[in-house]
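Down below is the structure, laid out as structure tokens.
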Amino acid sequence: MAKRGTLSTKIPAADLTQALYQAASTMQSLNRRVMTAEILLHTFLKMPDTAAHQILRRLANQRGINWKSFEEKVARAAADRMTVDVNFDFETDGNQRVPLGDDILYLIDEGYTLAQARNEMRCGTEHVLAMMPERRVSVSRLLTDAGITVSAVMDLLPDPTLSPHAATRDHVALAKNGRMAPVYFRDKLLNELVSLLSMAHNRHTILVGATGVGKRAMVYSLAQLIADGKGPVGLKSVIEMDEQALLDNSLKTVRGGLRQAQGGILFVPNIARFFGGFRAEFPEKAGVELQKAFFGNDVVIIGTATPGRFDDRLAGNATIVQNSTRFTIPPTDEAETTEVLRALIPRFQTDYQLKIAPESLPEVSRLAKRYLTENPLPGAAVHLLHRACALLNMSAHGQPVDNIPADRTLNPEDVMVAVSMLTGIPVSSMGADERNRYAQMVEHLHKRIIGQNEAVLALSRAVKMARVGLKDPKRPIGSFLFLGPTGVGKSELAKALAEFMFGTEDALITLDMSEYMDESSVNRLIGSPPGYVGYSSGGQLTDAVKARPYSVVLFDEVEKAALKVFDLLLQIMDEGRLTSGKGETVSFRETVILMTSNIGGKFLANPELSETAARAETDRALKEHFRPEFLNRLDDIIYFHSLSAEDLRQILDLMLKKELKRLAAQNISLEITTAAKTWLLAQNDHPEWGARPLRRLIQEYIRSPMADFLLENNPQAGVTLRVDAGDSGLKFSAK
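The sequence shown begins at 0 in numbering that gives the first Met the number 0 and counts up one residue at a time.
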């Protein structure tokens with residue numbers, strides 16, 4: 000027995016595929032072994048979302064067909080048993096192989112031929128329906144008796160340029176039919192573009208801008224202008240090639256697109272994909288065909304590219320450079336981004352079935368610019384609005400927009416929640432009370448930082464000035480050098496600042512500069528260039544800041560870094576950006592740069608020196624080690640002093656509170672007497688090391704013995720553990 004073939008999955012469109020799946024289920028319910036044309040027609044009648052059903056409904060209304068009676072007649076025909084030849088199978092989504100009758104194969108084959116003649120890439124239900132009234136098809140009598148003929152169906156087929164199966168689509172035709180998505184008109188840029196396209200020669204244009212600046216929206220706006228009769232002289236269409244068609248047969252699709260675009264525009268998003276030799280995403284012949292169009296003027300090519308792709312793939316192509324204009328699309332500002340979002344509100348409300356409060360839009364723009372700096376406006380804002388709507392929509396029940404209750408309205412608070420999920424920054428860090436928080440910044444930091452009043456005041460003053468806008472917008476929020484002996488709170492203040500500004504210590508990026516003492520270590524910070532070892536792994540600094548652009552970056556023991564690392568620091572402090580080994584520009588403009596150093600620590604910790612003398616000696620040491628251009632770019636040098644005995648006692652209290660919290664999670668209370676704390680402090684043999692020895696003392700004299708006590712005594716929940724000082728050390732008891 001000859002092996003049967005299987006229907007190619009590239010031939011049926013999505014609605015026909017779903018209809019075949021449904022017909023397979025109907026076939027099983029009727030206990031039929033082969034799918035027939037009658038079963039498929041019956042399926043069309045039951046699936047209102049298909050194009051075939053909608054055409055049949057229109058014909059029924061035009062010809063006065065009794066729908067229920069017609070449906071019953073088709074159902075009886077579908078249930079009748081008949082002998083059918085089988086040569087092909089259709090595979091369902093459950094991997095079941097369904098035999099197809101000869102009529103089905105004929106309908107799909109002829110329907111596909113019809114689709115290709117109409118420049119459509121798939122056979123849809125409407126194409127199959129158009130072939131059903133033909134005499135050689137068993138179901139034809141049912142249709143022709145009802146007055147449904149081939150010509151009647153053909154008359155109702157959609158315009159090929161508006162078909163969802165088309166290999167190309169004309170955005171001008173879509174605009175004229177009211178089927179274009181809403182767009183915002185960037186008037187100044189559009190006027191410049193229309194002027195450029197109105198020239199007699201050399202009208203080909205490459206729109207260049209980062210992903211998300213609105214290059215595609217600019218072309219759709221142009222199509223709307225042409226539809227309104229306000230576009231460039233002599234251009235009647237804006238043709239775009241279907242992505243699936245390009246993947247299936249790029250050369251054929253490009254040729255079809257150029258043919259359709261005669262006297263108009265061929266819009267080619269990401270045009271660099273066709274060029275670049277072996278790196279091109281499409282076969283060379285498709286790129287050659289497209290390149291030929293740049294020599295002529297019958298079709299105007301409008302392509303889009305990112306700056307990197309333009310420089311990498313197109314700048315070296317003499318044909319494109321000499322016969323086209325590079326047209327830069329910049330990001331929108333906050334105000335214009337809000338207007339872009341306003342134009343999109345109807346689409347968002349329909350798609351997500353919710354309302355959007357007008358006051359949410361400026362908040363989306365503001366928060367996207369501030370926190371989603373990896374992508375430009377308006378793209379970042381549109382993405383944020385999608386996320387915010389999706390989160391609110393999780394409780395949707397599909398009500399019409401007009402009937403959505405008040406709590407289904409997207410408010411600024413919902414936008415903050417979405418930003419929090421995207422960035423990991425708690426919502427409270429972004430609230431309207433931020434001005435009050437910064438006013439209380441000193442008090443907040445002192446909840447964690449004991450002593451060091453001058454350091455906290457100096458840092459708070461500089462950061463607050465930056466937050467109210469009194470800083471260069473092209474530089475980081477602030478760049479500070481922390482000086483002082485070990486263990487006095489330099490790193491702790493960095494953690495406290497990250498927690499205050501961004502709601503979490505995770506916003507602190509720490510780099511130990513003792514690991515970057517070699518000149519070659521620069522590549523570890525920014526990533527190796529293409530072709531070098533380590534290129535794929537990226538840069539430890541640039542990747543971290545790109546992933547969390549709103550953060551505190553701490554360069555610990557900065558004096559140990561290699562000279563080339565200092566060159567990077569100078570660029571960060573001066574320009575607020577770095578270029579990674581991959582050629583990406585990483586912004587540091589929303590970061591706080593902190594650097595710690597022990598240089599001068601011995602002077603600041605020397606009790607025999609006056610404060611003035613200690614700083615003078617420290618400044619002299621700084622000038623001997625650091626270059627003047629480095630010191631001059633710092634916003635402030637912040638001095639830390641040795642901790643007093645009272646400071647150490649307060650720091651010990653803060654550390655012990657953490658132990659209390661750990662035990663409280665197990666429903667156990669902890670009481671540590673004043674005598675016990677005094678005894679602990681007396682065990683500190685190195686007070687000149689600041690607070691660092693205290694952690695070891697807690698581990699050795701509190702945590703470890705307490706673990707033994709709990710294991711030996713197994714106290715019940717709710718018990719209070721008491722730690723007191725005895726003759727031979729600390730003693731533990733339970734009450």
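Each residue gets a CB set at the ideal place from its N, CA and C atoms; glycine is no exception. Fair warning: this is a prediction, and the values are worked out from it, not measured in the lab.
If only uninterrupted beta strand (DSSP E) runs of at least 3 residues are considered, those enclosed by the segment 434-507 are 477-482. Contact between F554 and M594 holds, with the beta-carbon distance rounding to 5 Å and staying under 8 Å.
Sequence-distant partners of R57 (beyond 5 residues in either direction) whose C-beta falls short of 7 Å from its own C-beta, in its chain, are L155. G302 places its beta carbon 9 Å or farther from that of F277. Boundaries of the alpha helix (DSSP H) around K657: A644 to A663. Ranked by how close their Cα comes to the Cα of Y700, the residues P714, N713, F731 and A716 have F731 in first place. In the DSSP annotation of this structure, the continuous segment of the alpha helix (DSSP H) that includes V171 starts and ends at H170 to K175. Note that the segment 502-514 touches the segment 553-567; at least 3 beta-carbon pairs, one per stretch, sit closer than 8 Å. In the DSSP assignment, the residues bridged to M594 are L480 and F554.
The three-state reading of DSSP puts M179 in coil, since its state is none of H, G, I, E or B. Per DSSP, H126 is one residue of the alpha helix (DSSP H) stretching across T124 to M130. Contact between L19 and F89 is confirmed by a C-beta separation of about 6 Å, below the 8 Å threshold. In the DSSP assignment, Y219 falls outside any beta strand (DSSP E) and within the unbroken alpha helix (DSSP H) covering K214 to A226.
For L206, the enclosing beta strand (DSSP E) covers residues H203 to V207. For S162, the secondary structure class from DSSP, reduced to helix, strand or coil, is coil.
Taking the Cα of K734 as reference, the smallest distance to any Cα among A664, L720 and M415 is reached at L720. With contacts defined as CB atoms closer than 9 Å, L680 and L482 fail to qualify as a contacting pair. Cβ neighbours of I10 within its own chain (closer than 6 Å, five residues either side excluded): Y111 and C122. Residues of the same chain with a CB within less than 6 Å of the CB of D413, apart from the 5 flanking positions on each side, are A387 and L391 in chain order. Fewer than three pairs of CB atoms, one per stretch, sit closer than 8 Å, so the segment 179-197 makes no contact with the segment 91-103. Where L376 is concerned, there is no enclosing alpha helix (DSSP H), because DSSP gives it neither an H nor an E.
Judged by pairs of C-beta atoms under 8 Å, the segment 631-650 touches the segment 673-692, as three or more such pairs exist.
About 5 Å separates the beta carbons of A454 and F639, which is inside the 8 Å limit, making them a contact pair. For F266, the enclosing beta strand (DSSP E) has its first and last residue at I264 to V267. Listed in chain order, the alpha helix (DSSP H) runs fully inside the segment 49-108 are 50-62 and 66-78, counting runs of at least 4 residues. Remark: C-beta atoms of P548 and T372 approach each other more closely than 9 Å.
Within the same chain, E358, S359 and E362 come within 7 Å of P411 by CB-CB distance, once the 5 residues on both sides are set aside. Here A174 is near A222, since their CB atoms are less than 9 Å apart. Judged by DSSP secondary structure, F625 falls outside any alpha helix (DSSP H); it is assigned neither H nor E. With a contact defined as Cβ atoms closer than 8 Å, M217 and L192 qualify at about 7 Å. Residue nearest to Q715 within the set N666, P306 and R140 is N666 (criterion: CA-CA distance). The straight-line gap separating the alpha-carbon atoms of V544 and T578 is approximately 12 Å.
Around M464, the same chain offers K470 as residues with beta carbons nearer than 8 Å, after the five sequence neighbours per side are excluded. Going by beta carbons, H203 and S323 fall inside the 9 Å limit. Assigned with DSSP and collapsed to three states, A317 falls in helix.
By the beta-carbon neighbour count (other beta carbons within 10 angstroms, threshold 16), S7 is exposed.
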